[in-house]
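First to last, the sequence lines map onto chains F and Y. As numbered in the working numbering, residues 446 to 729 make up the first sequence, in order. As numbered in the working numbering, residues 2 to 311 make up the second sequence, in order. Virtual Cβ for every residue (Gly too), placed ideally from N, Cα, C.
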Amino acid sequence: MSINVQARQSLRTLQSPAGALIYLVLLLVAVLAVFPFYWMLVGSFMTPVELFSSVPKLWPAAFDVSTYARIFQLVPMGRYFLNSVIVSVSTTLVAVFICSAAGYAFARLTFFGKGVLFLLILGALMVPYQATIVPLFVMFANWNLLNSYLGIILPGVVSAFGVFMMTQFFQTLPKEMREAAIVDGAGEFRIFTRIYLPLARPAVATLALFIFMDSWDQLLWPMIVAPNPDMRTLQVGLAFIRQAAPIENQVMAAIVISVIPVILAFLVTQKQFIAGIAAGAVKE
Amino acid sequence: MTDVRASAMSVPVVRPAPRGRRVARTLRQSQAAYMLLAPFLLLFILVLAYPLLYSLYLSVFDATLNKAPAFVGDGNFAHLAVDGEFLTALRNTAFFTVFVVVGETVLPLFMAIAMNEYIPFRTLLRTAYFLPVVTSWVVVSLIWSMLFAQQGLVNEIIQTVGVSPQPFFSDSGQAMSIVIAVSIWKNLGYYMVIYLAALQGVPQELFEAAAVDGASKWRQTWHVAIPSLRPVIYFVLTITIIRSMQVFEQSFIMTNGGPLNATLSLVQLLYRHAFVNLEFGYGSAIATFLLVVLVALALLNRRVHELIVQ
């Protein structure tokens with residue numbers, strides 16, 4: 446459909462009073478969705494006096510950037526950031542690889558115990574992660590994994606959903622490629638890494654995005670397993686930021702620093718991101 | 002599978018491969034399959050299967066950090082039934098779940114139907130709705146806790162229009178309402194996108210046929226859009242129930258369960274017992290309770306889903 450026709454149709458939708466009213470509601474919801482973020486951003490540049498003035502100000506009189514310097518003195522934002530990056534990137538890399546390998550085996554190979562194992566993993570989809578945190582903490586304490594990256598990362602790499610998703614994807618790829626490769630003398634591991642895994646790039650990208658976001662946003666487990674302030678991830682650091690940053694504009698600055706990469710990443714990948722969410726839900 | 006492949010390769014199949022050779026092939030593939038599965042399976046056992054069993058084991062012990070665990074049988078569970086805090090947390094979580102589930106199932110549905118029309122700046126609107134979705138619960142909760150603070154922006158705004166300042170987080174009813182509202186607000190865009198994708202899968206002819214028959218937009222929504230979305234509505238209902246039962250971050254950050262436990266959730270109570278008081282046995286009992294409820298819901302949901310699909 447050409448842009449012109451679309452524009453004309455858009456106008457027609459808005460010309461009826463009901464259509465205009467509905468559109469107004471959509472706009473209001475959008476403002477409600479964006480405004481808190483806008484307020485964080487401008488608030489972080491305001492002085493406390495401005496921020497708490499009895500008549501709300503929606504624009505700073507002068508952009509005060511000193512809060513940003515101050516927040517780095519009050520809390521180790523850089524360290525939190527680094528911890529989050531290390532944890533999320535390693536979780537994603539490991540999870541994507543082991544889930545793809547397992548998914549490929551379930552989708553394309555015949556082996557003893559396949560049905561039972563798959564059922565077991567499907568069953569794990571129902572298990573809430575809170576059900577295992579207490580024993581995990583006790584186990585990790587015994588193994589000296591508290592306050593370690595490995596301790597934060599390990600539970601996050603096992604994604605039953607990831608295996609399920611990759612199995613479904615590999616089932617859509619033709620099995621003849623494997624047979625041809627076997628004739629050519631390739632082993633199963635080579636067939637997986639050289640032929641099927643590269644073809645699974647779209648599914649891998651979607652899974653990686655989901656796992657990364659989950660890992661990045663996690664609060665409860667990293668907070669429990671790594672009580673040492675130096676090992677705090679960004680979310681844990683933010684959860685305790687009130688203790689270190691007494692003034693609200695400092696909290697706002699910390700929030701802005703922490704969300705900017707996330708929002709930028711989303712704006713760049715939003716098409717695939719939204720398509721991934723939609724596809725995942727519709728398939729189920 | 003083996004037979005299908007055999008018939009596909011040697012065109013007219015005279016007789017199936019001898020049983021011995023088939024078993025040998027399955028054996029060979031099993032070896033390869035288990036090599037590929039090994040990393041996942043080992044970790045699966047290490048951080049999921051074993052801890053799950055360990056949790057069930059812990060839940061029948063009085064286990065704390067400093068003393069030897071003592072077997073108490075169903076003692077922890079019996080205590081749950083009379084533990085006022087647990088019952089409060091259970092009631093709060095159920096209350097929270099009902100409102101959030103209704104809100105997250107219904108509001109995004111109507112947003113999606115409205116967004117499915119040709120409207121100006123559709124993509125921009127969708128991006129706006131998605132900002133809270135991609136932001137973490139911690140950040141979202143921090144932002145709203147500042148907005149609804151005693152001296153916060155919301156109170157400033159309502160005072161300028163002549164309403165007296167509200168207690169918000171220090172009033173139990175208002176605190177719970179805010180936690181619920183923020184939870185719904187965060188995921189509006191997420192569920193809207195799911196509905197929108199499903200709506201775009203509804204054959205356009207259905208709407209056109211209804212329009213030809215003189216059905217208004219409103220009637221098309223009720224009689225075409227919503228019925229065709231039934232499976233997706235059901236899907237959203239399911240995941241919102243499961244996720245709401247696990248609520249933690251919102252109330253942990255915004256209210257810390259207060260005032261007077263008015264927003265204390267099951268997971269937060271688990272956290273307090275297991276990781277603040279280090280009562281691993283009792284914490285595990287709460288975890289087991291949550292597990293049983295969620296697995297029961299998932300199984301029930303399977304059953305209902307089968308009924309709906311038929």
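6 Å Cβ shell around S533/F - same chain, five flanking residues per side excluded: Mapped onto the first sequence, residue 533/F falls at position 88. Around S533/F: F657, S660 and W661.
Hey, does G630/F have any beta-carbon neighbour from chain Y nearer than 9 Å? Sequence index remark: in the first sequence, residue 630/F carries index 185 (1-based). Interface with chain Y (9 Å Cβ-Cβ cutoff): G630/F is excluded.
L49/Y vs P573/F beta-carbon contact at 9 Å: As a first step, residue 49/Y is located in the second sequence; it is residue number 48 there, counting from the start. As a first step, residue 573/F is located in the first sequence; it is residue number 128 there, counting from the start. The Cβ atoms of L49/Y and P573/F do not sit closer than 9 Å to each other.
With the cut-off set at 9 Å, would you say F276/Y and L664/F are in Cβ contact? The residue labelled residue 276/Y in the question sits at position 275 within the second sequence. The residue labelled residue 664/F in the question sits at position 219 within the first sequence. For the pair F276/Y and L664/F, the CB atoms are not nearer than the 9 Å cut-off.
Taking only beta carbons into account, state which residues of the region 677-694 of chain F come closer than 7 Å to chain Y, listed in chain order. Those residues of the region 677-694 of chain F that come within reach of chain Y (Cβ to Cβ, closer than 7 Å) are Q680, L683, A684 and E693.
Quick check on the DSSP output: what are the complete alpha helix (DSSP H) runs of length 4 or more inside the region 19-107 of chain Y, in order along the chain? As far as the region 19-107 of chain Y is concerned, its whole alpha helix (DSSP H) runs of at least 4 residues are 20-45, 51-59 and 76-83.
Exposure label - W484/F; buried when at least 16 CB within 10 Å: Residue numbering aside, residue 484/F sits at position 39 when the first sequence is read from its first letter. Of the other Cβ atoms in all chains shown, 16 or more fall within 10 Å of the Cβ of W484/F; this residue is therefore buried.
Contacts of T27/Y in chain F (Cβ-Cβ under 8 Å): Stepping through the second sequence from its first residue, residue 27/Y is reached at position 26. The answer, in chain order, is T555, F556 and F557.
How do the region 58-65 of chain Y and the region 74-89 of chain Y stand: do at least 3 beta-carbon pairs fall below 8 Å, yes or no? Taking a cut-off of 8 Å for Cβ pairs, the region 58-65 of chain Y and the region 74-89 of chain Y touch, as three or more such pairs fall below it.
Just the Cα atoms here: how many angstroms apart are L554/F and R635/F? Here residue 554/F refers to the residue found at position 109 when the first sequence is read from its first residue. Here residue 635/F refers to the residue found at position 190 when the first sequence is read from its first residue. In this structure, the CA atom of L554/F is about 14 Å from the CA atom of R635/F.
Y513/F versus chain Y: which residues are under 8 Å apart at the beta carbon? Within the first sequence, numbered from 1, the residue matching residue 513/F stands at position 68. Going along chain Y, no residue has its Cβ under 8 Å from Y513/F, so there is no contact; the nearest lies around 17 Å.
What is the DSSP secondary structure of E118/Y, counted as helix, strand or coil? Here residue 118/Y corresponds to residue number 117 of the second sequence, with the count starting at 1. Coil, per DSSP.
Cβ distance (whole Å) where S252/Y is taken to contact V579/F below 8 Å: As a first step, residue 252/Y is located in the second sequence; it is residue number 251 there, counting from the start. As a first step, residue 579/F is located in the first sequence; it is residue number 134 there, counting from the start. Taking a contact as a CB-CB distance under 8 Å, the pair S252/Y and V579/F does not count as one, their CB atoms being some 20 Å apart.
Chain-ordered neighbours of A71/Y on chain F, where CB pairs are closer than 9 Å: Taking the first residue of the second sequence as 1, we reach residue 71/Y at position 70. Residues of chain F passing the Cβ test: none, with the nearest at roughly 16 Å.
Along chain Y, in chain order, which residues have C-beta atoms closer than 8 Å to that of E633/F? One-based indexing of the first sequence puts residue 633/F at position 188. Residues of chain Y with a Cβ closer than 8 Å to the Cβ of E633/F are, in chain order, Q30, A33, A34, M36 and L37.
Just to confirm the assignment: which complete alpha helix (DSSP H) runs, minimum length 4, are found wholly within the region 682-722 of chain F? Listed in chain order, they are 686-689.
Assuming V233/Y and A199/Y form a contact by the criterion Cβ under 8 Å, report the distance between their Cβ atoms to the nearest whole angstrom. Here residue 233/Y refers to the residue found at position 232 of the second sequence. Here residue 199/Y refers to the residue found at position 198 of the second sequence. 4 Å between Cβ atoms; contact.
When Cβ atoms are compared, which residues of the region 182-205 of chain Y fall closer than 8 Å to chain F? Listed by position, the residues of the region 182-205 of chain Y near chain F (Cβ gap below 8 Å) are W186, L189, G190, Y191, V194, I195, L197, A198, A199 and G202.
Nonlocal neighbours in the same chain, by C-beta distance under 6 Å from I144/Y, ignoring five residues either side: In the second sequence, counting from the first residue as 1, residue 144/Y sits at position 143. Excluding residues within five positions, none has a Cβ falling inside 6 Å.
Taking 9 Å as the threshold (C-beta atoms), are L279/Y and I543/F in contact? Your numbering for residue 543/F matches position 98 in the first sequence. Your numbering for residue 279/Y matches position 278 in the second sequence. No. Outside cutoff.
For E280/Y, list the residues DSSP reports as bridge partners. For the purposes of this step, residue 280/Y is taken as residue 279 along the second sequence, with counting starting at 1. DSSP output for E280/Y lists T65/Y as bridge partner(s).
Measure how close the beta-carbons of V681/F and M668/F come, nearest whole angstrom, since I'm counting them as under 8 Å. Translated into positions along the first sequence, residue 681/F becomes position 236. Translated into positions along the first sequence, residue 668/F becomes position 223. Right, their Cβ atoms sit about 5 Å apart.
Within its chain, find whatever has a CB closer than 7 Å to the CB of V670/F; leave out the 5 residues flanking it on each side and keep chain order. Position 225 of the first sequence, counting from 1, holds the residue named residue 670/F. Only residues of its own chain outside the window of five on either side were considered, and among them F582, F585, L591, G596 and I597 have a CB closer than 7 Å to the CB of V670/F, listed in chain order.
Close Cβ partners of N694/F (< 7 Å) along its chain, the five nearest in sequence each way excluded: Numbered from 1 along the first sequence, position 249 holds the residue referred to as residue 694/F. Excluding positions up to five away in sequence, the list reads G488, S489, M491, P493, L496 and T512.
Note down the Cα distance separating K187/Y from N93/Y, rounded to an integer number of angstroms. Locating residue 187/Y in the second sequence gives position 186, where the first residue counts as 1. Locating residue 93/Y in the second sequence gives position 92, where the first residue counts as 1. Their backbone Cα atoms lie some 20 Å apart in a straight line.
Counting Cβ pairs closer than 8 Å, one from the region 18-31 of chain Y and one from the region 522-539 of chain F, do we hit at least three? Too few Cβ pairs lie closer than 8 Å, so no.
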